[in-house]
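Protein chains in written order, with the numbering used here: chain E, 1 to 323; chain P, 1 to 323; chain F, 1 to 323; chain L, 1 to 323.
Glycine included, each C-beta is placed from N, C-alpha and C at the ideal position.
The model shown is predicted, which means the values in this text are computed figures rather than measured ones.
Each remark here refers to the structure printed beneath this line.
Dropping the structure here:
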């Protein structure tokens, strides 16, 4: 950590800062120049709050030198994490994995219809929500455990893995028998980037899970909130190359939630692959006009097939392929 | 709801939209002008997603006419909600209520020291966190139930109500015996405005709780995320008069979390009262340099006393008083 | 325009709004339902400020139905604008046009070195700044007219058109003899999207120029300001498909200014083409470490050549080609 | 400047960075620790671009230690700048100066009516726009020089100074005979904070003007662009105490443009004074419903008088007074 003192800082103020740093467990190196004093603090702690120093008298600026995360950082696994599933599918390797399916599981007929068509088009993972807490208390809230059972059955039938979203900790035991990938949603800001989360905060969330012993973490960009209101959120495509540089974890993109509008999903899916995404999450419905949730951002079957063909053309430009 | 069709919309497209609206349960009034057709849809439903109409062919714009919330709206209680507690304290009435205390409960000695001094300065509600999920997994995580017991004891001793934050649903039964006001935090975006939540979303969250039967809801502005990085968040003071106009619910402000820096808490607390806040949430610590969490945004005791005196001078300008 | 009155609006308030609309030159159609009254105002004016209605007593919401722009709208030229230059180059047609060059013109040697290499790699337009107003008053401010002369000479020598940025109106006569495309910059928010400009505002700026008689307008996404600070701005790739739908004007992308970092330029250039951009603006320098401005976002020659090869692989997926 | 190298940086990379720093004119102090090397660069230059270092191989982070501005910094004049006008009025001293008037000068009758009423209520400076470039090319564009003459005449008649906005450099000679304070607007981001400008950028703009020899600079907060759309912009009240700490320059607030809605102007004006503003800019019109521009954000005369009374009650809480 670097603490730059103000030009006008007194010796007493400088000593106070040094004592504070020492009490926190740091070794302090002091450089006093013509105009100002700079303190370099070295030590093993990564859990301090730099604002505690910023508000001390005489302090001009404080900069953290070490990153606040370590397990999630690129340095922990320079070659990148590849997550391999029991059926041999890998995320983080050559193939850009497409995860698709409806927003919500609505019925057996709906789910199997969609699962069959996306499987034929090349999707490798089936997505679908069983619990749907909605902005309005007056909307459809999901099928619950029955939805989970249908997902597992459809995934097995059409040879796809299954991903579904956890809403709170108490749901995890219920979900484990049915689901291959637990999606931890924007609502509680863990693995999907929250709509107001910086990339550093996204990596800190991953660090939380990894510190608990689970290293198979996948990150996902799903749109951030900006002043532009034409789309629900602004899908931050630049997050993809940035995360790939900072971290070894696989990075995916969700153009369905990231734009909220069907006609923008395909261009942003293409852009995500062109920018280096490891996987995509895409909502598809066999009859979006009648979907119980998020129909407006679900692709029609034919749109999904066309998109997959386009992605197959783009992937080689980034030395990847599509399943 | 108003659906404006494009100039170039065909009669077939217009009919398709009308059928869609009728299927959703609306009555449709059609106006065809020189250049375009406008459809007005009238009905009782408030839980539809207007994006389902926006993506239909031939549609130019869709506007919701009725607000998506009703219980939280000003019209539901034009005179404003006043919440009265068992000890006679009212929030939403003449008095601007000050809720203060440390970020975390750290020990009996710390809590009682702070509670006594804020009580003497005029605070009416004691705040303090028992569960502290932190950005970094390597930081202090709170005292848990033991912290709740201390809060209750200190509140009773110094004649203050107690407020503490709920982190997940399963904690509520544990908290009810100890706490007078459950604070539902920014993390799960219920009553404190999330850092990326619009004011409409804040009111929809209140609507959720009210639809469940609990009408004693208090709203709180605590800073939104913007491009400015000097403060942790940007405390949106304009949210105070806006919410007071749109809704009957009491509106409070949290300048401690909203700025994240001790030296900005007092000016923003004064500004909040000048803009019409019903209550304030302020972090105070008897020795902030040694606080286990958020010391940088905690006021020193003397700063808190001075601030209370300033607030007493400002409140009459908005026809209010301070306890 | 649609004016929705509050449930509690009095007949007097409704009449006041109607009179206001009539005075503004609108015809008013009134619909009074069970709960509220809605007024539809029809007329030819497009230059009114809807806030004048929003603040009238009894008004709940006001929505503009017609777009505030007409010349810039897609409806004005449904097939899209194609701009053809004297040398036969077209922007808005099949080819994705790459405009490249250094941030600033620094010397004859620098400009000719860069111009030759980008021309060989497939760039069609030479870019370079002659006037460089900088954030800091202590930085290099550009070569002025001498820079313009060098640009013209290098463009002619290597068979490229020339684009350069206008800083204020009085510079235009000076620039016209030398430059094929006048770039109107983010600083004065005309054709490049300002970093805080909505897409509607970008289209209104185009409308301004078109209302003055110049229909050869090209739009450019160059990054918006968000809370994320890892990159200087967030390049809003979704602006590309949105503008292509709303407007007939060619839409380009500037990944150099949009990210501010050399290592993010290539992924975002690829993503721009994949999302449907008509052209790209890319900064290239033969020795970026010694560049007098923006060296950090300038590509090395070899990076530019590799990028062009990648773009040639991606363009066919969107039915385009690269020169 | 501090350059932290990556854990994995090679000695060659470190040497390359050192050479780069030396070529830029810095002296370099190197500290090599157990895990990483940190370089401290010391020197007089303040006009470098730290991104040139960030993109070098092996570099993890770069931090500027000295502020990029010096004339605008608090240290340049620790007691704060007080600007005194020929009639004895001071900005930056005890009195919070209220500058008020219509958005545009529309006619002699309109201007004199408004000038008289605000003067009687306590305003010290008359504001009014003569040039009004509008978002839409189809709106009223201002009275030009004739408007300037009327402002001067009205200011002299009612004993107020005159402030008006410069749109481009070529207008300055025209304005100097008539105007006491030149307002340099958000459009060209000089002294009013641009809607996407950080506070550091605002101070750098001031630095530009001060480096040119004019030290009588006043800063103004007028709203920043955020995701919230209820108000046109979000007035960042926290900018007031922040600027007062960082800089010696007077800091004002414009709640009219900052909210865009008449009913929010008074609460935000009160909040601005409570937060420490040196002056306020407020739009007032004797008949806002008929204003040619920005009527929706103009106060009625009676609202302005009431507001002035409220401000007189609040000012003493921050040891200030109102004229």
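Exercise for review: Please report how far the alpha carbon of residue 292(L) lies from the alpha carbon of residue 284(L), in whole angstroms.
Suggested key: 13 Å
Exercise for review: At 3 residues or longer, and completely inside the segment 7-44 of chain L: list those beta strand (DSSP E) runs for me, N to C.
Suggested key: 27-32 and 37-42
Check your understanding: In whole angstroms, what separates the C-alpha of residue 218(P) from that of residue 67(P)?
Key -> 20 Å
Practice item. Enumerate in chain order the residues of its own chain whose CB-to-CB distance from residue 181(L) is below 6 Å, with the five nearest sequence positions on each side excluded. Key: 163
Check your understanding: Looking at the C-beta of residue 221(F), does it have a partner C-beta in chain P at a distance below 9 Å?
Key -> no
Exercise for review: Please go through the segment 44-114 of chain L and give each complete beta strand (DSSP E) segment of 3 or more residues, from N-terminal end onward.
Suggested key: 59-63 and 95-101
Check your understanding: Is the CB of residue 263(L) under 9 Å away from at least one CB in chain P?
Key -> yes
**Study point:** Inter-residue spacing [alpha-carbon to alpha-carbon] between residue 257(F) and residue 222(F)
**Key:** 6 Å
Point to revise | Residues, ordered as in the chain, of the segment 58-72 of chain F that lie near chain P by beta-carbon distance below 9 Å | key: 60, 61, 63, 64, 65, 66 and 67
Check your understanding: If we ignore side chains and look at the alpha-carbon of each, how far apart do residue 1(L) and residue 124(E) end up?
Key -> 49 Å
**Study point:** Residue range of the beta strand (DSSP E) that includes residue 163(F)
**Key:** 161-166
**Study point:** Residue-level contact to chain F via CB, residue 188(P), 9 Å cutoff
**Key:** The predicted model places residue 188(P) with a pLDDT of 39, which falls under 50 and marks its position as unreliable, so this point remains unresolved.
Review point. Across which residues does DSSP place residue 129(P) in a beta bridge pair?
Key: 104(P)
Exercise for review: Locate the alpha helix (DSSP H) running through residue 204(L), then write down its first and last residues.
Suggested key: 199-211
Check your understanding: Which parts of the segment 281-317 of chain P are runs of the alpha helix (DSSP H), unbroken and 4 residues or longer, counting only runs that do not cross its ends?
Key -> 301-314
**Study point:** Residue burial classification, residue 146(F) (beta-carbon count within 10 angstroms, cutoff 16)
**Key:** exposed
**Study point:** Stretch pair the segment 266-278 of chain P + the segment 94-110 of chain P: three plus CB contacts closer than 8 Å
**Key:** yes
Review point. So, is residue 140(E) buried or exposed, given that buried needs 16 or more other C-beta atoms within 10 angstroms?
Key: exposed
Practice item. List the DSSP bridge partners of residue 221(E). Key: 253(E)
Review point. Residues of chain A with a CB under 7 Å from the CB of residue 22(L): which are they?
Key: Chain labels in this structure do not include chain A; the protein chains are E, P, F and L.
Exercise for review: Report the residues of the segment 227-252 of chain L with a CB closer than 8 Å to any CB of chain E, ordered along the chain.
Suggested key: 227 and 229
Exercise for review: Throw me the rounded Cβ distance for the residue 233(P) and residue 225(P) pair, which I believe falls under 8 Å.
Suggested key: 6 Å
Exercise for review: Establish whether the CB of residue 322(L) and some CB of chain F are separated by less than 9 Å.
Suggested key: no
Exercise for review: Look at residue 173(F) and residue 152(F) and say whether their C-beta atoms are less than 9 Å apart.
Suggested key: no
Review point. Taking the alpha-carbon positions, what's the residue 271(F) to residue 315(F) distance?
Key: 11 Å
Check your understanding: Where does residue 23(F) land, buried or exposed, given buried means 16+ other C-beta within 10 angstroms?
Key -> exposed
Point to revise | Residue span of the alpha helix (DSSP H) that contains residue 175(L), given as start and end | key: 172-175
Exercise for review: Could you tell me whether the segment 245-254 of chain E touches the segment 231-247 of chain F, where touching means 3 or more Cβ pairs closer than 8 Å?
Suggested key: no
Review point. Are residue 263(L) and residue 55(F) close, meaning C-beta to C-beta below 9 Å?
Key: yes
Point to revise | According to DSSP, residues forming a beta bridge with residue 183(L) | key: 165(L)
Check your understanding: Can you find a C-beta in chain F that's less than 9 Å from the C-beta of residue 325(P)?
Key -> Residue coverage of chain P in this structure runs from 1 to 323, which leaves residue 325(P) outside it and unanswerable.
Check your understanding: Which stretch, first to last residue, makes up the alpha helix (DSSP H) that contains residue 271(P)?
Key -> 262-274
Check your understanding: Can you round the beta-carbon distance between residue 41(L) and residue 59(L) to whole angstroms, since I take them to be within the 8 Å contact cut?
Key -> With 8 Å as the limit, residue 41(L) and residue 59(L) do not qualify as a contact, their Cβ atoms being about 12 Å apart.
Review point. Given that residue 54(E) touches chain F, what residues does it touch there, using C-beta distances under 9 Å?
Key: Correct list: empty, because the minimum Cβ distance to chain F is about 17 Å.
Review point. So is residue 170(E) buried or exposed if we call it buried at 16+ other beta carbons inside 10 Å?
Key: exposed
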